[in-house]
Every structure is written in C-alpha cells, then in structure tokens.
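Shown next, in structure tokens, is the structure this report addresses.
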Amino acid sequence: MTGANERRVAVIGAGPAGLMAAEMLAERGFAADVYDAMPSPGRKFLLAGIGGLNLTHSEPPETFVTRYRERQSELAPLLERFGAGELRAWARKLGIDTFVGSSGRVFPTAMKAAPLLRAWLHRLRQAGVRLHVRHRWLGWEGGTEDPTRGLRFATPEGECRIAADAVILALGGGSWAKLGSDGAWMPWLAQRGVELAPLRPANCGFDVGQQAGNAAPGWSGHFLDRFVGAPVKSLAARVTDARGQTHERAGECMISATGIEGGLIYALSAPLRDTIEAAGSATLYLDLAPGRSLERLAEELARPRGSRSMASHLQSKAGIEGVKAGLLRECLAKQDFAVPERLAAAIKALPISIAAPRPLGEAISSAGGVLFEALDDRLMLPALPGVFCCGEMLDWEAPTGGYLLTACFATGRAAGLGAADWLAGRE
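The numbering of the sequence shown is UniProt numbering, which starts it at 1 and goes up by one.
Below, the structure is given as structure tokens:
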C-alpha cells in the first residue's frame, strides 16, 4: 500500500484557490506540486491588494451567501465550512490581523496583499509544498486516457510531461489574461466531455447606447470633452432585468470614454449584462439626488428662476451641478427642462441606455466556466476521475466586496480536501 506522503497531487494555478488546495493537501499528508504560468505565484491576488486587499465581508452569513445569485445553493455548504469568519481566523494564524471598514468590508490592517502572501508561501514551503513557476499548462498529451497523466507544460527549458496521482485545476476565469487567467483551458475540458458555460464579463463597465439628447450612439463629443474620467458621486441606480426583477444599489461611478463604470456599475453588472443578452439592450436609471423626494424636487424646480440660467437654477434648487448636470443634458430632451415635473422625474430616475458590456479582458472577474452539475460533492469531475476544479474557473459570480476572494478560498479548500479524501479511498 502506498503511503499518503508518497502520493503526489498536481495543483495547476497558484492563485488563492490553488494555494489553499495545496495547503489542505499538505495538512492531510499528501505531497503537492503547484504549477503556475507566471514568474511568481499570486499575481492577480497581489493586484487585488493594490486598493487595500478587500479580503472578505462582515455581513451576516445568510446575507453573504445571497451575493452569489443563482449559485448560492451550491456555494452555501462550502461557505458554511470556510466563510468570512474562518478566513479572518486563517489570516490571523499567518500573523495578519484584519479590521472591518465603514462599509462592512474586511481588510488586513496593513492594507496590503504582499505581507499575507509572503507569510502564506513561507508556511506552504515549510509544509513541503513545491512551487513551479513559468509552467504554463497545455492540456493533455494526445492519446492519454488517464486524466492524471500526460499533463503537458510549456517551460523556459521547453515542453515537459508530468504525471500525478490526482490533479486540481485552479486556472481562473477569463479576465486579466496578462496575469494568467486567460480561459485557454476551456476547449481542453470541453474535448473531454466536461460541461461548460461560456465565459462572460462580470464586475465590468458598459458602453452606452443612444441617449435622448443625442443624434448618435454613445456620449456626445461635448460631454466627453468635459467629463470623461469624472466621478459621479452620491447617487443610486436601478435596473429591471428581463424577468421583471428590479435591482437597486447606491454608490458612485465614473464616466468612461465609451460609457460608464465603477463600483456602483460593477454591483449591477450581472443584471445589466443578462438583460442585454436577453433583450439586446438595457436601461439603467440613475437617481441623481437620492436624499430628496420627487415631490420636493418638483416643488423647488417650479419656483420662478427669473434671470438665472437653468444651470444656476438646478444647482440652487436641486443641488445638481457638474457631471450630474451634464448627464441631465446628455440624456434628457431639451423640452423637458421647461417642465418642472418632468425635470424632477428625470433627476430621480434618469434613463441611461446601456448597449453592451466591456470586453471580458477588461472585466474584474468573469462568469461561466465549469458547471457545478459537472462536479460531484468533492468538486471532482466524474468525466475525468481524479481531476478536481476550484476557484473562478467554476461557473459562479459575485460582486466586488470580498465575495470573490472568499469563494475562491472556500472552493480551493473543498477541492484540496476532496482530492485528499479521494486518494485516501484508493489506498
């Protein structure tokens, strides 16, 4: 009988999911070799830390799990075993304290990803995990029937073949290809009968279509000259999807050269994208004055403005100026400015025509990938015995706010333990 420490597992992908899978294997006494295409591990993880590393979120578990939309039932049991609280405790054991920000988001006290990653890699190496960088997976060698054998890798020294006793795929989705998650694995799994959903942009910006005040699609040249790159603060937004469900968020966004992006838009990107796919376009309604009622606005705007300009009137009576005033002129017909009720209604629900999401390569994350229906409870692919999947390459999505990282850690942990259990059952 082969001892557990003689059984080797190839973990392909050195992001949070892959590294967590390797840690679970090492804890169970299995040898883990982690392969990554990049020159160093955790490249996308470090990028996420540039803004402070939003590790997870402090909201109650019953609310937390709803952020995963259609996949909350599949992720719920994994998050119950390793959710926000467990993730914070895990970081603390690495010497990384965390705190809850004003928005409920959880950050390391140092507001950096590098110290956590360094401590984690040190612990993994001490546990016997071996890291192999500049190893880009190329799928399987032709004719290989055993999916744990004939693994092809491109390296600086040329192509090599690797065999293992089990394989964990943690290859990421299709966003940020320059950091390694390029979705190149999709056809290789499809050829072997794995059920996949197409990769789509998530947490992304959008191109705008033709607005009421313009003759052509997109922002007008005058608007772009003045406001491209401008933040739009203190507003709320809503969209009604193709199923008739309304989604609302508050926050801020930014005007881009082709449309609109930023945290508020990312939070609504899934219903916006899905509505565009179903109906060809979507309408985003912006509340430019969330602290004021429609009735109050209409009353204030109806007051005589005398010799004052409309811009001055909007600023003094509605608090609308700068980019918000520009949006009104961009998206509202000229005649509506003369009717206080219509102007007030537009301020409370300004319709923005949304034409298309920005390309997948620009998105923060991606939707689609390996269907949960193609996996068993251990996250193994029955179509490829001994091959497990985890992280963003699975078909789930979530908004920013710590939800993406938490699910990557949770699925990585589940895949690592699943592979260990599968190997232990074969001894």
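Idealized CB from N, CA, C, for every residue including glycine.
With a threshold of 6 Å on Cβ separation, who are the neighbours of residue i within its own chain once the five nearest residues in sequence on each side are excluded?
| i | result |
| --- | --- |
| R28 | A420 |
| G49 | K112 and A113 |
| R413 | M20, M24 and F82 |
| D146 | none |
| H135 | Y35, F153 and T155 |
| E300 | K317 |
| F372 | E74 |
| V100 | S58 and V106 |
| L121 | none |
| F388 | I168, L379, M380, A415, G418 and A419 |
| A267 | R249 and P399 |
| G306 | none |
| R342 | D336 |
How about residue i and residue j: do their beta carbons lie closer than 8 Å?
| i | j | result |
| --- | --- | --- |
| F223 | G322 | no |
| residue 428 | A363 | With the chain represented from 1 up to 427, any question about residue 428 goes unanswered, as that position is not in the structure. |
| G391 | G172 | yes |
| A166 | R149 | no |
| A37 | V129 | no |
| L350 | Y285 | yes |
| A91 | P77 | no |
| R161 | L423 | no |
| L124 | A26 | yes |
| A344 | A279 | no |
| A89 | T406 | no |
| I96 | A127 | no |
Leaving out five residues on either side along the sequence, give the residues of the same chain with a beta carbon under 7 Å from the beta carbon of residue i.
| i | result |
| --- | --- |
| D376 | P382 |
| L404 | S365 and A398 |
| S353 | V208, G209, Q210, Q211, S281 and T283 |
| G401 | N54, H57 and R105 |
| P271 | V239, D241 and H247 |
| R226 | G326 |
| A302 | P340 |
| M368 | It is Gly, not Met, that sits at residue 368 in the sequence shown. So the list reads A197, P198, L199, R200 and D395, once near-sequence residues are dropped. |
| G174 | S181, D182, G183, L199, L360 and S366 |
Note down, in chain order, each residue of its chain lying with its Cβ closer than 8 Å to the Cβ of residue i, except the 5 sequence neighbours on either side.
| i | result |
| --- | --- |
| E252 | P231, V232, K233, S234, L235, G262, G263 and L264 |
| P290 | S234, L235, A236 and A250 |
| I320 | L288, A289, L314, L328 and I347 |
| G425 | none |
| E159 | L138, R152 and F153 |
| A190 | L196 |
| V65 | Q72, L75, A76 and L79 |
| R243 | none |
For residue i, which of helix, strand or coil comes out of DSSP?
| i | result |
| --- | --- |
| residue 460 | Because the chain is modelled from 1 through 427, residue 460 falls outside the range shown and cannot be assessed. |
| G386 | coil |
| A17 | helix |
| W140 | strand |
| P399 | coil |
| G3 | Because G3 sits at a pLDDT of 43, beneath the cut-off of 50, its placement in the model cannot be relied upon, and the following sentence gives the value as read from the coordinates. It is coil, neither helix nor strand. |
| L371 | coil |
| A163 | coil |
| F409 | helix |
| M111 | coil |
| H135 | coil |
| L151 | strand |
| L379 | coil |
| S102 | coil |
| A10 | strand |
| G158 | strand |
| L423 | helix |
| L94 | coil |
Please tell me whether, using a cut-off of 7 Å, the distance from the CB of residue i to the nearest non-hydrogen atom of the ligand ATP is below it.
| i | result |
| --- | --- |
| F206 | The ligand ATP is not part of the structure shown, which contains no ligands of any sort. |
So residue i and residue j are supposed to be a Cβ contact under 8 Å. How far apart are they, rounded?
| i | j | result |
| --- | --- | --- |
| V11 | I168 | 5 Å |
| G15 | A170 | 6 Å |
| S181 | K44 | 6 Å |
| T411 | L379 | 7 Å |
| V194 | L384 | 7 Å |
| W188 | W140 | 7 Å |
| V228 | I255 | 6 Å |
| V133 | P39 | 6 Å |
| L94 | L116 | 6 Å |
| E330 | G213 | 5 Å |
| I276 | P357 | 7 Å |
| R67 | W396 | No, R67 and W396 are not in contact; Cβ-Cβ is about 10 Å, not under 8 Å. |
| A17 | C408 | 4 Å |
In chain order, what are the residue ranges of uninterrupted alpha helix (DSSP H) at least 4 long that sit wholly in the stretch 169 to 237? 186 to 191 and 221 to 227
Pick out the complete beta strand (DSSP E) segments inside the UniProt domain "RsdA/BaiN/AoA(So)-like insert" (219 to 365), 3 residues or longer, and give them in chain order. 231 to 240, 246 to 255, 259 to 261, 282 to 287 and 350 to 357
Counting only runs that start and end within the stretch 20 to 74, where is the alpha helix (DSSP H) found for 4 or more residues in a row? 43 to 48 and 61 to 64
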